[in-house]
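Per the numbering used here, the sequence shown runs over residues 202 to 421.
Cβ coordinates follow ideal geometry from the N, Cα and C atoms, glycine included.
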Amino acid sequence: MADQTNLGAIVKDGKIQESTASSISLSKDKQAGKSNGLDKDAFLQLLVAQMKYQDPMEPTDNTEYVSQLATFSQLEEMQNMTSGMSLQRASGLVGSEVLCKVYNKSTGATEYAQGIVDYVVYENNKAYVSVNDSLYSIDDVYQVMDPGYSEAYELAKRFASAMGSLPEVDKLTTEYDEAITTLRDTYDAMSSYQKSFIGTEMVELLEKYEAKMRSLKGSV
Numbered sequence: 202m203a204d205q206t207n208l209g210a211i212v213k214d215g216k217i218q219e220s221t222a223s224s225i226s227l228s229k230d231k232q233a234g235k236s237n238g239l240d241k242d243a244f245l246q247l248l249v250a251q252m253k254y255q256d257p258m259e260p261t262d263n264t265e266y267v268s269q270l271a272t273f274s275q276l277e278e279m280q281n282m283t284s285g286m287s288l289q290r291a292s293g294l295v296g297s298e299v300l301c302k303v304y305n306k307s308t309g310a311t312e313y314a315q316g317i318v319d320y321v322v323y324e325n326n327k328a329y330v331s332v333n334d335s336l337y338s339i340d341d342v343y344q345v346m347d348p349g350y351s352e353a354y355e356l357a358k359r360f361a362s363a364m365g366s367l368p369e370v371d372k373l374t375t376e377y378d379e380a381i382t383t384l385r386d387t388y389d390a391m392s393s394y395q396k397s398f399i400g401t402e403m404v405e406l407l408e409k410y411e412a413k414m415r416s417l418k419g420s421v
């Protein structure tokens with residue numbers, strides 16, 4: 202699991218610092234939108250200028266103009282289709298937990314944001330997902346989590362932490378009996394998916410603790 206960086210708006214000296222991954226994402230896409238080539242109107246203006254200033258001795262065949270316009274129309278249609286698919290994909294993520302990843306050119310660091318997609322907006326022919334009250338380009342969505350992933354991950358972390366609080370097996374005493382019983386009950390209550398987050402070595406260690414505890418209680 203990648204480290205998560207706090208991507209909320211940072212307030213410093215009473216001013217909001219524009220250093221969040223979402224602001225980087227929006228800025229990047231807006232810059233790209235400004236330099237993304239010609240729109241249809243600009244293309245038609247160039248076409249008219251080309252026809253107006255063509256060499257009268259060698260006029261361009263009208264079919265060539267029609268061909269150029271048809272090619273541009275096809276390209277525009279493909280772009281619209283791509284934009285529609287992007288919006289549809291983003292809309293399908295509403296309610297899902299995602300991990301967004303953005304490269305910050307100013308710091309050279311990769312920043313992450315993880316959370317539930319609340320809604321989707323469409324700006325500059327680009328779909329954005331709202332995660333933790335910040336907007337991220339659909340292209341920044343690095344991973345879509347399984348619905349039970351976060352719960353299983355957090356449960357595994359707590360289980361590992363509880364195991365880590367126990368002494369070494371050969372130093373175990375009966376005062377840890379309840380803790381070991383609780384760990385066993387917790388593990389047995391997990392689903393198969395949740396158990397997959399618990400390493401085999403961790404389970405084997407729990408069994409060693411249980412065997413040691415039975416030995417200690419039998420000798421009392």
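Secondary structure at Gly-309: coil, using DSSP grouped into helix, strand and coil. With a 10 Å radius around the Cβ and a threshold of 16 neighbouring Cβ atoms, Glu-369 comes out exposed. Shown here for Asp-319: same chain residues with a beta carbon closer than 7 Å to its own, the five before and five after excluded, namely Ser-331 in chain order. Here DSSP, grouped into helix, strand and coil, assigns Ile-399 to coil. Contact fails between the stretch 345-357 and the stretch 372-386, because fewer than three Cβ pairs, one in each stretch, are under 8 Å apart. Where Leu-336 is concerned, there is no enclosing alpha helix (DSSP H), although the beta strand (DSSP E) around it starts and stops at 335-338.
Every beta strand (DSSP E) of 3 residues or more that sits fully in the stretch 323-407 is shown, in chain order, as 327-332, 335-338 and 342-345. The count of Cβ pairs closer than 8 Å, one atom from the stretch 375-386 and one from the stretch 336-349, stays below three, leaving the stretches out of contact.
DSSP places Val-249 in the helix class (H, G or I) of the three-state scheme.
When only Cα atoms are considered, Ala-328 and Ser-397 end up about 35 Å apart. Across the set Leu-247, Glu-405, Glu-408 and Val-303, the C-alpha of Val-303 shows the shortest separation from the C-alpha of Gln-344. The three-state secondary structure of Leu-300, taken from DSSP, is strand. Around the beta carbon of Asp-389, fewer than 16 other beta carbons sit within 10 angstroms, so the residue counts as exposed. One Cα belongs to Arg-359, the other to Thr-387, and the distance between them is close to 10 Å.
Each residue's CA atom was taken as its position, placing Ser-362 and Asn-326 some 46 Å apart.
Looking from the CA of Val-321, the closest CA among Leu-406, Leu-300, Ser-292 and Gln-315 belongs to Ser-292. Gly-316 sits in a strand when the DSSP states are folded into three classes. Cβ-Cβ distances below 7 Å link Leu-406 to Met-364 in the same chain, with the five nearest sequence neighbours on each side left out; the list follows chain order. Taking C-beta separations shorter than 8 Å and ignoring five residues to either side along the sequence, the partners of Lys-418 in its chain run Thr-375 and Asp-378, following chain order.
Here Ala-310 is exposed, its C-beta having fewer than 16 other C-beta atoms within 10 Å.
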